[in-house]
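Protein chains in written order, with the numbering used here: chain A, 1 to 313; chain B, 1001 to 1313. Please read the structure below before turning to the comments.
Number of protein chains: 2
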Amino acid sequence: MAVDLNVGELVAGARRGEARAVARLISLVEDESPSLRDVSAALAPHTGRAHIVGLTGPPGVGKSTSTSALVTALRAKERRVGVLAVDPTSPFSGGALLGDRVRMQEHATDDDVYIRSMATRGHLGGLAGAAPQALRVLDAAGCDVILVETVGVGQSEVEIAGLADTTLVLVAPGTGDGIQAAKAGILEIGDIFVINKSDREGANTTRRELRNIVAMRESDWKAPIVLTVATTGEGVAEVVTEIERHREYLAGGELDQRRLARVRREIEAMALASLHRRMGDVTGDARLGTLAADVLAGRSDPFAAADLLVEHL
Amino acid sequence: MAVDLNVGELVAGARRGEARAVARLISLVEDESPSLRDVSAALAPHTGRAHIVGLTGPPGVGKSTSTSALVTALRAKERRVGVLAVDPTSPFSGGALLGDRVRMQEHATDDDVYIRSMATRGHLGGLAGAAPQALRVLDAAGCDVILVETVGVGQSEVEIAGLADTTLVLVAPGTGDGIQAAKAGILEIGDIFVINKSDREGANTTRRELRNIVAMRESDWKAPIVLTVATTGEGVAEVVTEIERHREYLAGGELDQRRLARVRREIEAMALASLHRRMGDVTGDARLGTLAADVLAGRSDPFAAADLLVEHL
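Dropping the structure here:
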């Protein structure tokens, strides 16, 4: 096993497309292994090529099925594909609630598809802290496109957009999803809208709603709206075309801006996590205990205590 | 208006029970006013008396109705009551999605009830950063009991427990809520379980499920399970009795432990928010930009960049 942990060899193996090396590296990331820093340093020169595509949308809209259909469509164009299903579980809950990943199994034997689910529970820095490292592994492994999907609900649906070059927002027709999505703010982050289950009633109404929202935006990129039926694959090739069109648009300058903003957030999250750890180490912990006792007794207030804590870091 | 902003006078007014002063102070907290530090310092000596009770549970369980019924029951015992309805909206969404607060209006004219909703969107430190300050205002204003309730769903449901001395977990009968709640981890945080809408079928099954869960816990406090119909007030007096019994239990030593842990988290959150702000100031921002560019070009990796950022704070 010691040989396995040679980070340089693992990265070389991942670059040659060895599935085991890729899996191993992502595990090191997920487990916050002590060698994570070495992994990150070794990957750095080999990243930046993959196009990262986020999938977001309300529960039940067919994200998992759409992801699988996209893999099929991308493979038809001979793209090497990575899939990262991120599971932002509660800090208390035990295992990953991964749901139905059955559809993914049809790709399990394809050497040019890497599928990985990842729990971010308990990671310092959460989704923003852990997922980018896993994306770097898949990037270095030569994926042309990486699909990132969240399992479950909540704010991380929006967070996922912060990881992606291109964000697909999925909605279902006629279920008021449009309005719900607007409330949750996810419409603001969509580069491409996908109305899945578009064989159901209400698809045209939903398209009209979305068109109105897109029309109000001030952006050079006019977000397209694609109708799909992911279970049959209908419309999915068009989604791939739009993804590639968006990539070309981004290449005009916005890609670097987006990625720079992303890396900034990532560095910030890591720096904060590192400072947080220091507050919890032996010295920091004793100091924090004293400060908290002062606040509880009314001798100090949280702002003053926080200042003192920062001062001593 | 300048007179209004005299923090010392506002705190004195709040302590005399003046509703306007209380409202004004909470607004200062909510808006992250520059005078927030002065507010916090002025409140510090006058806090620690109120019993903070958190209400949590899945959407549709009747949290708002239960909160209102609890206010009625507490007023019948001549307790002064504060209600803080916290709205943890998405970072993108606009206004507060406050839902139906109609039931609260029956208490609106009662001088011994303070009702306040509060949006925590965009607050550095989120719920953990903003809500405790508002609770201190209500505490200093002489509330005997403060009920804290979240509006909406998600992880903040669990976070709310971190703010409370006593946490009520509400479930509805026979809807599989028990299992859902277990998944979300909220059963682990309940000091008192309330099966609301207990006139519906399945209340006894749900009680049995909860009893099994409670029985597995290793704790001196045996969490009681109370059946209520909040719309009629049935069982609500018993909930108040259990809240008071839990407070007595806590007084045996656990109260100080819980509050100390809470203040620790609060100080940590504030210190991290302050460090985060520094990263975003003029100097920090330029440095972060350079570091991000290095990572993007493959000259550095996020861990190394985060180290350099922390070093220069």
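C-beta atoms are modelled at their ideal positions from N, C-alpha and C, and glycine is treated no differently.
Tell me the rounded alpha-carbon separation between residue i and residue j.
{"i": "leucine 138 of chain A", "j": "isoleucine 1213 of chain B", "result": "41 angstroms"}
{"i": "lysine 1063 of chain B", "j": "threonine 1283 of chain B", "result": "46 angstroms"}
{"i": "histidine 107 of chain A", "j": "arginine 136 of chain A", "result": "21 angstroms"}
{"i": "valine 22 of chain A", "j": "alanine 1271 of chain B", "result": "37 angstroms"}
{"i": "threonine 150 of chain A", "j": "isoleucine 189 of chain A", "result": "15 angstroms"}
{"i": "glutamate 248 of chain A", "j": "arginine 49 of chain A", "result": "13 angstroms"}
{"i": "valine 1083 of chain B", "j": "alanine 1069 of chain B", "result": "12 angstroms"}
{"i": "isoleucine 1186 of chain B", "j": "valine 81 of chain A", "result": "37 angstroms"}
{"i": "isoleucine 1173 of chain B", "j": "valine 1239 of chain B", "result": "For the sequence presented, residue 1173 of chain B should be read as proline rather than isoleucine. Each residue's Cα considered, the two are about 17 angstroms apart."}
{"i": "valine 1029 of chain B", "j": "asparagine 1006 of chain B", "result": "14 angstroms"}
{"i": "glutamate 1234 of chain B", "j": "histidine 1051 of chain B", "result": "23 angstroms"}
{"i": "alanine 1305 of chain B", "j": "aspartate 1294 of chain B", "result": "8 angstroms"}
{"i": "alanine 161 of chain A", "j": "leucine 55 of chain A", "result": "8 angstroms"}
{"i": "alanine 1237 of chain B", "j": "aspartate 1220 of chain B", "result": "24 angstroms"}
{"i": "arginine 1037 of chain B", "j": "arginine 1259 of chain B", "result": "21 angstroms"}
{"i": "isoleucine 1243 of chain B", "j": "leucine 1147 of chain B", "result": "11 angstroms"}
{"i": "glutamate 1254 of chain B", "j": "arginine 287 of chain A", "result": "21 angstroms"}
{"i": "valine 310 of chain A", "j": "alanine 1130 of chain B", "result": "19 angstroms"}
What are the residues that DSSP puts in a beta bridge with residue i?
{"i": "tyrosine 114 of chain A", "result": "A/Gly82"}
{"i": "leucine 168 of chain A", "result": "A/Leu55, A/Ile192"}
{"i": "valine 1186 of chain B", "result": "For the record, residue 1186 of chain B in the displayed sequence is isoleucine; it is not valine. Note: isoleucine 1186 of chain B sits in no beta bridge, so no partner."}
{"i": "leucine 147 of chain A", "result": "A/Val53, A/Val83"}
{"i": "valine 1226 of chain B", "result": "B/Val1194"}
{"i": "glutamate 234 of chain A", "result": "A/Val229"}
Mind checking residue i: buried by the 16 CB within 10 Å criterion, or exposed?
{"i": "asparagine 1196 of chain B", "result": "buried"}
{"i": "glycine 1013 of chain B", "result": "buried"}
{"i": "lysine 77 of chain A", "result": "exposed"}
{"i": "aspartate 1281 of chain B", "result": "exposed"}
{"i": "methionine 1216 of chain B", "result": "exposed"}
{"i": "glutamine 1257 of chain B", "result": "exposed"}
{"i": "glycine 1060 of chain B", "result": "exposed"}
{"i": "threonine 1205 of chain B", "result": "exposed"}
{"i": "alanine 19 of chain A", "result": "exposed"}
{"i": "glutamate 266 of chain A", "result": "buried"}
{"i": "proline 1302 of chain B", "result": "buried"}
{"i": "arginine 1299 of chain B", "result": "exposed"}
{"i": "arginine 1211 of chain B", "result": "exposed"}
{"i": "glycine 1057 of chain B", "result": "buried"}
{"i": "glutamate 1209 of chain B", "result": "buried"}
{"i": "aspartate 1191 of chain B", "result": "buried"}
{"i": "arginine 1277 of chain B", "result": "exposed"}
{"i": "threonine 72 of chain A", "result": "buried"}
Compare the C-beta of residue i against all C-beta atoms of chain B and say whether one is closer than 8 angstroms.
{"i": "leucine 25 of chain A", "result": "no"}
{"i": "phenylalanine 303 of chain A", "result": "yes"}
{"i": "alanine 293 of chain A", "result": "yes"}
{"i": "leucine 296 of chain A", "result": "yes"}
{"i": "alanine 14 of chain A", "result": "no"}
Are the C-beta atoms of residue i and some chain A residue less than 8 angstroms apart?
{"i": "serine 1300 of chain B", "result": "yes"}
{"i": "leucine 1288 of chain B", "result": "yes"}
{"i": "leucine 1250 of chain B", "result": "no"}
{"i": "alanine 1021 of chain B", "result": "no"}
{"i": "leucine 1309 of chain B", "result": "yes"}
{"i": "valine 1086 of chain B", "result": "no"}
{"i": "alanine 1140 of chain B", "result": "no"}
{"i": "alanine 1306 of chain B", "result": "yes"}
For residue i, verify whether its CB is less than 7 angstroms away from any heavy atom of the ligand ADP.
{"i": "glutamate 1248 of chain B", "result": "Among the components of this structure there are no ligands whatsoever, and the ligand ADP is therefore not found."}
Give the residues from the stretch 37-57 of chain A that approach chain B closer than 8 angstroms (Cβ to any Cβ), ordered along the chain.
Arg37, Ser40, Ala41, Leu43, Ala44, Pro45, His46, Thr47, Gly48
What are the residues in the stretch 1234-1247 of chain B lying within 7 angstroms of chain A by C-beta distance?
Contact annotation: in the stretch 1234-1247 of chain B, no residue has its CB less than 7 angstroms from a CB in chain A.
Under 7 angstroms, CB to CB, which of the residues in the stretch 260-278 of chain A have a partner in chain B?
Leu260, Val263, Arg264, Glu266, Ile267, Glu268, Met270, Ala271, Leu272, Ser274, Leu275, His276
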